[in-house]
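Number of protein chains: 2
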Amino acid sequence: MALKAQVLYDFAAEAGNNELTVKEGETVTITNQSIGGGWIEAQNSRGEVGLVPEDYIEFSKPLPSFSGAGTTAPTPSVGNVASADLSFFDAYAPASAPAQTQASNGNDPWSVWNTDPSGGANNNNWASNPEGTQTGKSAADPWGSVSQGHPQAYQGPGAEDDEWDDEWDDVKSSGGYAESESGDGGAMQRGGAQGSSMKISLNKFPGFSKSGPDLYLLCKQLAKGKERLLIYMGEVGPVWSYPETQLDCVVADPKKGTKMYGLKSYIEYQVTPNTTNRPVNHRYKHFDWLYERLLDKFGSAIPIPALPDKQVTGRFEEEFIKMRMERLQGWMTRMCRHPIVSSSDVFQLFLTYKDEKDWKMGKRKAEKDETVGVMIFSTIEPEATDLDPVEVEQKCEQFSRFTKAMDDGVKEILTVGNEHWKRCTGPLPKEYQRIGKAFQNLSSVFTSSGYQGESTLTDAMTEAGKTYEEIAQMVAEQPKKDLHFLMETNNEYKGLLGCFPDTIGVHKAAIDKVKEGDKLVATSKITAHDKVTMAKRVSTMSYSLQAEMNHFHSNRIYDYNRVMQLYLEEQVKFYETIAEKLRQAHSQFTTM
Amino acid sequence: MALKAQVLYDFAAEAGNNELTVKEGETVTITNQSIGGGWIEAQNSRGEVGLVPEDYIEFSKPLPSFSGAGTTAPTPSVGNVASADLSFFDAYAPASAPAQTQASNGNDPWSVWNTDPSGGANNNNWASNPEGTQTGKSAADPWGSVSQGHPQAYQGPGAEDDEWDDEWDDVKSSGGYAESESGDGGAMQRGGAQGSSMKISLNKFPGFSKSGPDLYLLCKQLAKGKERLLIYMGEVGPVWSYPETQLDCVVADPKKGTKMYGLKSYIEYQVTPNTTNRPVNHRYKHFDWLYERLLDKFGSAIPIPALPDKQVTGRFEEEFIKMRMERLQGWMTRMCRHPIVSSSDVFQLFLTYKDEKDWKMGKRKAEKDETVGVMIFSTIEPEATDLDPVEVEQKCEQFSRFTKAMDDGVKEILTVGNEHWKRCTGPLPKEYQRIGKAFQNLSSVFTSSGYQGESTLTDAMTEAGKTYEEIAQMVAEQPKKDLHFLMETNNEYKGLLGCFPDTIGVHKAAIDKVKEGDKLVATSKITAHDKVTMAKRVSTMSYSLQAEMNHFHSNRIYDYNRVMQLYLEEQVKFYETIAEKLRQAHSQFTTM
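Chains as they are written, first to last, in UniProt numbering: chain A, 1 to 592; chain B, 1 to 592.
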């Protein structure tokens, strides 16, 4: 019997990819579910049959997950993409994604611990699918504002890890389509996905989902491992202990590798830490693995920013690789700058493993690590005296206010910047071009006058016209030189800020738990001693949050100083060059 | 019984002027036709009653013409005007005027001598109504391209001369509404109107309308008057004889005068020629009188550019007067620069009359002048030998090609410039403003962080934000500083070029006449001697046209050199200032 489905978003088929163009609200008949790679074969009312992104349609009954998905997927469509430039930053702008894809816990960052059905349902899915399209969507924007692109056709839920990642290393099969969705969509998905994945790691512990950080707050004995994360009192307040020399690394020299006798291809990046100066090779899937480990281990205490989305922009292989590398570099630099993350075993392993065997061993060890989720707080040791719960709550409130406000500010810049990008690459240069043409046309009319002594004027006017054509080109190319970095930095911060609701959520939950301490004692759910312990541990959590905020602030000040300087520097050059060109053109005219 | 009418164009009512907003195609009921001043009281389907520009609606039966029109008119609307700047140059752009308002002779400049009914019908109208809405419209663009604004609400057809001119001197009753129509609309109207008015002057002579320049070509004896317009052979070919010292004058010091015990007010301008340095006073109506005289006398040989339209832009009295004065100055300067016009009795009278009596006498004399229309050629004496008709025709063709091509080129600049003006005063500054606001907003979020050592960054970001707000303002104000003059000059040339089809048309007609010379002799319509005379006289006409073209070219080269220099100079300043401001902003950020 035929399975009907509802189309959620418009999709423009790309010629030659046997895709099917569908409109939002249209009903289609599913003719083949086992295409894989996030694609589905469907038939529309006119009997036309073609491939449609799975996530663009809503089924009456759930789909089975496909193993080996994607290997047979067609090149994704770029049909709905205007231009590389536009589409790239379209991603930054709050897209008009349907609100219903926002799960309740996505809409209210502070209700993150409510057992949300969709959220819950997604956890298993998530466990087997690090990309977590569904989860990503449901919690796409933890602030609740709708700022997510269309779901991405190119993510088969439950697709077996190694398989889909090869697909993702294989540029050819990604390329264009990604453009219209990439950047923000991805970043925010990971931002959201992280919230969910954090739940997963916590879910490893029974009864957690109900009581959040209880596991840490109430566990009888904190096993003293070799891990000790110290917090000192600095000038600005609680701070992590920073290493003597700042760790850093260079991501470079992407190489295309193949496996299975060249049947599958992937990109390998060379990562060289400044400590050993010895390069190690990593594929995107390894970065992704590292991200998952850091998320599990530190996510409750430290916002782990999203990895650059798999589908970064770039119509062509070179562009694609360059862009992904640039963003991986940015992500690695941020991780290196974090004292806790950079000094962790798993991060060190990633940067300095000696050989395949070493890597495999380290991998297994990291995956077996039990000190994850809220248990990370058990390794944190503040040197300062305990804070009373009231102060803890005040700090927590302050941080959530600030991060929310900054998230709004960053999004405003991204929106405005995106519009400015469009104008600079669209109408504005066209206009300067037409001004240039108009001058040149009039000049050539003058040349036809047959009047003597015309040439000085006509040459000068032609020159002026050409100058405005040059200005047109300059205007169109400028955003790549300055706005690009302003957008990238703000986009990075948008992703980072998207992680805070979850991080702060853990603290909120802990605070609430402490608040009901008396009641719990009264009903003898816990002992009086437990209650004292909880207060002590919530104080530790607060110090950790403060240390993290101070780390965030110092980095923020550095980053925004840098990016603003770079932006203004390039802007100055831009306007000076134009002025110079025009001065040149002006000198061609004779005063009579 | 109720008179129904059809709305021709959208009209947005201005608040407080009891106007009525109407949409194109809407049917309204006329509730009061005797408002005057080009306004009508109408009621829409929703029963709302208000004033609508008379020319915006189409009646089933013609309206009576109102004497004293406008005296009771409300302040005309600026409701459909976005901003003074926009509306001003909207006028330059080819507006979407209904094509049917183009009379056939308007569509084909070279059929200008066909006796066109509408053209003919308008002549009388024109005689009694120098503003000639109808005529102006019908021949609005002699090149045939539709480039006329909406008809102007503020012209009571047949309004008695002295009346309307007082009205037009009285700024209050003009002002705002004019904006949306002025400039080009007016200029081209006069350009077109001139074609018609030339016919009038020629029509003074029986049988002319059929045979164009016959009067001159075939008149038995050319009365040798004191007037002798010599043409010399210069380097560039035939040239007028230029005076030793270039005549020039300054139009300044507009004063509001009143008459009829202050019931009527008008503006008087002080005109001071560089010859006597003695100022004389003139009202707009006097300039208009001069224009009509020059048109009658020289129009066949010399394109007399349109006077600045009565309804020049300016929402406020000061703006209005300033703008009109600027344009009157431009017109006078151009007339002064013309050797034939500037040395004519009527022009000298205008600049140097001693007293009221002197003025009145000179006026009467000028109005009695018989050497007008094509008879001006009878006063022209070329020093060179006669040209053969073939060469005459080639020259004529060349000039018409060039002037047509230049007219297109000029219009292109006006269109592009108009769009650029809109962008610079509209979306662009808004965008820079939003960029500035975005920086400042993020800065104030940062200030709320409670983190130490924040101030340097936040101050710098606020500074940068303010800088972009300043840039926004600069962008919005720049067009007034440079584009304005580029537009004014091109608009002036557009008006001038609009006169050429008529001037060249006279020559075409003459050439055709000579061509049929043999036939005329054969049918003994003319004698063999007449035929020789015709050829000789057409050669004289050709020399005059060549002298005029050479005069046009040398002025054109001077004008465009000047305006391009001025434009580029201001553009350079503009971009340099922006660069400097941004350099300032950049220096606020600290490198760490």
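Don't be surprised by glycine CBs; every beta carbon is placed ideally from N, CA and C. Just so you know, these numbers come straight off a predicted model, no measurement behind them.
When DSSP states are grouped into helix, strand and coil, P308(A) belongs to the coil group. Between the C-alpha atoms of G50(B) and M332(B) there is a straight-line separation of about 41 Å.
The three-state secondary structure of C396(B), taken from DSSP, is helix.
Within the model, the alpha-carbon separation for E470(B) versus V28(A) is close to 54 Å. Its chain contains G465, Y468 and E469 as the residues whose beta carbon lies nearer than 6 Å to that of G436(B), once the 5 sequence neighbours on both sides are disregarded; these appear in chain order.
The continuous alpha helix (DSSP H) containing S539(B) extends over residues A528 to S587. Beyond the five residues adjoining it in sequence on each side, P429(A) comes within less than 6 Å, by CB distance, of A472, V475 and A476 in the same chain, given in chain order. With a threshold of 16 other beta carbon atoms within 10 Å, M361(A) falls short and is exposed. For the C-beta of N555(B), not a single chain A residue is nearer than 8 Å; the gap to the nearest is close to 11 Å. DSSP, reduced to helix, strand and coil, places N44(A) outside both helices and strands of the structure shown, so it counts as coil. T258(B) and K357(B) have their C-alpha atoms some 20 Å from each other.
Non-local beta-carbon contacts of L328(A) in its own chain, meaning distances under 7 Å to residues more than five positions away in sequence, involve V251, Y269, F287 and P308 in chain order.
Using beta-carbon distances, Y575(B) counts as an interface residue toward chain A, with a partner under 7 Å. Where C219(B) is concerned, there is no enclosing beta strand (DSSP E), because DSSP gives it neither an H nor an E. Straight through space, the alpha carbons of H338(A) and T577(A) are spaced by roughly 40 Å. Of all C-beta pairs linking the region 542-559 of chain B to the region 289-302 of chain B, three or more are shorter than 8 Å, placing the two stretches in contact.
Nearest C-alpha to R401(A) among V346(A), V236(A) and F500(A): F500(A). Nearest to Q33(A) by alpha-carbon distance, out of A12(A), D10(A), F11(A) and L3(A), is L3(A). In summary, E235(A) is exposed, with fewer than 16 beta-carbon neighbours lying within 10 Å of its beta-carbon over all protein chains present. When C-alpha distances from R283(A) are compared across P254(A), F298(A), K264(A) and Y261(A), the shortest belongs to P254(A). Of the candidates E397(B), L442(B), G453(B) and L483(B), L483(B) places its Cα closest to the Cα of E419(B). Contact between the region 508-524 of chain A and the region 413-427 of chain A is not established, with fewer than three Cβ pairs separated by less than 8 Å. Residue contact check for G409(A) against chain B: a CB pair falls below 7 Å. If you look at G330(B), you'll find it in the alpha helix (DSSP H) that goes E317 to R337. Proximity of chain B to T590(A) at the Cβ level (cut-off 8 Å) is accounted for by N561, in chain order.
Per DSSP, S443(A) lies in no beta strand (DSSP E); the unbroken alpha helix (DSSP H) holding it starts and ends at P427 to T447. Taken through DSSP and simplified to helix, strand or coil, S34(A) comes out as strand. Here P479(A) is actually not in contact with L351(A); their C-beta atoms are around 34 Å apart, not less than 8 Å.
In this structure, A579(B) lies near V572(A), with their beta-carbon atoms less than 7 Å apart. Around T458(A), the same chain offers S443, F446 and T447 as residues with beta carbons nearer than 6 Å, after the five sequence neighbours per side are excluded. Judged by DSSP in its simplified three-state form, G299(A) adopts coil rather than helix or strand. Under the Cβ criterion (8 Å, minimum of three pairs), the region 523-541 of chain A counts as touching the region 373-392 of chain A.
In this structure, V239(A) lies near N550(A), with their beta-carbon atoms less than 7 Å apart.
Taking the Cα positions, K354(B) is about 22 Å away from T245(B).
If you look at T489(A), you'll find it isn't in any beta strand (DSSP E); it sits in the alpha helix (DSSP H) that goes L483 to L497. In terms of Cα proximity to N281(A), the closest of V271(A), W289(A) and L290(A) is V271(A).
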